[in-house]
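Here the structure comes first, spelled out in structure tokens, and everything after it is commentary.
Residue numbers (our numbering), protein chains in the order written: chain Y, 1124 to 1700; chain C, 219 to 410.
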């Protein structure tokens, strides 16, 4: 039976058909739906959201060493967090098949960088597969489990946004007959990486690569499609689909396994075409390797952003894309925090106080966009806390900087930063924006929500008690809808001669279960059209018309947080009766 | 059947674009086509522009529609129709929901919403259909069926039998909302 599946749903199906026993990950666009699909569609498989990708990876190591098949999922930057165990797991090898999904985001639709994770494969010396549609996403996961067990190695399956979030038809298969995990068997030379053992294992790693190289030459993951011999294309992943679209008659070497590369196959293909090109997205990963082999090749590779069929058509067919409409000013439609978002009031107060705000990864990063424009740094998960502390240590001041971090991000990698602040006597301020979910990726649970991926109630990590236990003396809850309280607590915290943690606690409006209690409306007689309330960037609020400067509130969009009402100097915004 | 049909649905997060896109792609599968569909999740969804590309035909490679090759642009919001207009091919159709949703730069006063969108589109494209989907949905009995009413309008331009559309709508919408959605679909179908 054929079914329309996204790449992520197909990966979940591939794991199911492979008889996987443990799946773990941390939410991150474009990888999130893999584990959600497993939890929803295949509830007999153990699946979990771990606090971060490193822990998820290590849970899967244990499952594999106990003989079970394990799948760990993450976005590209997640693999940076999990890279530590990856590099050494390449030494120990596995027992049950071990597959890492790295979902890259060329074009940065929802990411802080567009690193090309294919580079991890040669760096960590592990095999790499790149599917080009949903059918391959499913099939390659199954191949990856086979390769992992056959060669005793973790395998990376790398997707991109256009694989993970595109749907195409998939032929569903049967579930493999996989034995139950046999249990952990002690083997210290293989699993205990002290230098004496690791030196021996490194020899195994290098020998294994030679065997994988030979496999890469033979495997049907590599496909040669001979057509016109004037032009030959070497490509992989989504770039293959664009190639077929634009150059249907070209000869194509489509690489499903892109580490180790099949050098013999590449040489043979190169010798049979007159002109050789590599078509790939982001880094010149294939191009540089092929050039290093001494083969003359040209690359279509912009290093920046996504490829598209349009780019290929411009390059190969000299196609010009003329704009049909005349030049006109089209207002942009950037993403914005939702009406009633509990983060909004916090940023309004921080802006009023003209503080430096070290930020983090989540919906609240949107506070950098006009009109709020209040966030000064955003580097990676958890970086807000260390950065604030570094500013304090360099400038010897802690009254003009705050770190802002979400609840899920704090649990992911903010806790160690806070430990450092306590340990090294910071007097700084950390605001944990606790909206009880991982909002940006689509509302996933985490250790401080009290629910698991599989829908079970569990022990809820108490962020207030955690901060206390770490040694923070000043910890306060503040309702982020109460601007006066926010103002006075933040003022107290930044001027305090010791470390302060403020937890703003209101659930994300997208998970709030009770009905909207009220909504706001503007008393047109009192509104003077000053526009002060519009500076908080609420999508429910706008000028009445381009000519009438007074403000109106869309009752359907308004979630009744009443933050705008507290900002209005004329008390023109009131609760709707 | 050999000809490839290229569709882009565009609008604002929260307008029911993904459901509409699912119904089109599932209907195309049921009608026997090869189908691919691509869209962006995550940050782009927080009230930002949302685009969904759908391609169907005998054999589909790229999940993305090329500029100048879109046969049908289904815009759930007027400004988004303008933003995606360069994707339309010369014989293509633009179906526009006559609804204005101000983006934050407009509502906060730093940008102006273009006033004459219908006029501009009709000047440069031969086939532009403006639809008041909100009214159709209201007539059907639930304003939240505007997306399905728009599918009804779009279905006339697509080579997929009506009973296939109906079957997929019945499968995809909540049980208690089947009747009102089917009504919205047919009101869209009969509207132009």
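Backbone N, C-alpha and C define an ideal beta-carbon position, used for all residues, glycine too.
_Would you say residue 326/C lies against chain Y (beta-carbon separation less than 7 Å)?_
yes
*asked:* Using 7 Å as the threshold, is the C-beta distance between residue 1677/Y and residue 1626/Y below it?
replied: no
_Contact list for residue 1432/Y against chain C, beta-carbon separation under 7 Å_ = 280, 282 and 284
*asked:* I need the straight-line Cα distance from residue 1157/Y to residue 1171/Y, nearest angstrom please.
replied: 11 Å
*Does the distance from the C-beta atom of residue 1139/Y to that of residue 1165/Y stay below 7 Å?*
yes
*Comparing alpha-carbon positions, which option in 1217/Y, 1605/Y, 1520/Y and 1273/Y lies nearest residue 1306/Y?*
1217/Y
*Kindly indicate which three-state DSSP category residue 256/C falls into: helix, strand or coil?*
strand
*With a cut-off of 7 Å, does the C-beta of residue 402/C fall near any C-beta of chain Y?*
no
*Presumed contact (8 Å Cβ cut-off) between residue 1403/Y and residue 1342/Y, rounded CB distance*: At roughly 20 Å, the Cβ-Cβ gap does not stay under 8 Å, so residue 1403/Y and residue 1342/Y are not in contact.
*Terminal residues of the continuous alpha helix (DSSP H) containing residue 342/C?*
335–342
*Between the CA atoms of residue 243/C and residue 1487/Y - distance to the nearest angstrom*: 34 Å
_Alpha-carbon spacing of residue 1528/Y relative to residue 1208/Y, whole angstroms_ = 26 Å
*Going along chain Y in order, which residues have a C-beta closer than 7 Å to the C-beta of residue 257/C?*
1288
*Three-pair Cβ contact test at 8 Å for the segment 1386–1397 of chain Y versus the segment 1254–1262 of chain Y*: no
*Through-space distance from residue 1248/Y to residue 1344/Y, alpha-carbon basis*: 19 Å
*Is it buried or exposed for residue 1493/Y, if we count other Cβ within 10 angstroms and need 16 for buried?*
exposed
*Mind checking if residue 1459/Y is an interface residue toward chain C, Cβ cutoff 7 Å exclusive?*
yes
*asked:* Which of the three DSSP states is assigned to residue 1486/Y in this structure?
replied: helix
*asked:* According to DSSP, residue 1126/Y sits in a beta bridge with which residue or residues?
replied: 1293/Y
*asked:* So, with DSSP's three-state summary, where would you put residue 1611/Y?
replied: helix
*Per DSSP, residue 348/C forms a beta bridge with which residues?*
314/C
*Taking the alpha-carbon positions, what's the residue 1365/Y to residue 1431/Y distance?*
7 Å
*Taking C-beta pairs closer than 7 Å, name the residues in chain Y that residue 254/C reaches, listed in chain order.*
1289, 1290 and 1291
*Which residues in the same chain have their Cβ closer than 7 Å to the Cβ of residue 1439/Y, if we skip the five residues on either side of it in sequence?*
1369 and 1370
*asked:* Assess contact between the segment 380–398 of chain C and the segment 333–353 of chain C, defined as three or more Cβ pairs (one per stretch) separated by less than 8 Å. Is contact present?
replied: no
_Less than 8 Å between C-beta atoms, sequence neighbours within five positions excluded: which residues of the same chain meet that for residue 1311/Y?_
1320
*Scan the segment 297–325 of chain C for residues whose Cβ lies nearer than 8 Å to a Cβ of chain Y and list them as they occur along the chain.*
297, 298, 300, 301, 303, 304, 306, 320, 321, 322, 323, 324 and 325
_Partner residues on chain C for residue 1451/Y, Cβ-Cβ distance less than 7 Å_ = 332
*Looking at the structure shown, is residue 1599/Y part of a helix, part of a strand, or coil, going by DSSP?*
strand
*Do residue 1229/Y and residue 1435/Y have their C-beta atoms closer together than 7 Å?*
no
*Give the interface partners of residue 329/C over in chain Y, defined as CB-CB distance under 8 Å, in chain order.*
1452, 1454 and 1455
*asked:* Quick check on the DSSP output: the alpha helix (DSSP H) that includes residue 1687/Y runs from which residue to which?
replied: 1686–1690
_Contact set between residue 1662/Y and chain C, taken where Cβ atoms lie within less than 9 Å_ = 265, 319, 320, 321, 322 and 325
*Is the Cβ of residue 1556/Y closer than 7 Å to any Cβ of chain C?*
no
_Proximity to residue 1327/Y [Cα-Cα], best of 1274/Y, 1225/Y and 1536/Y_ = 1274/Y
*Residues of the segment 334–362 of chain C with a CB closer than 8 Å to any CB of chain Y: list them in chain order, please.*
338, 342 and 343
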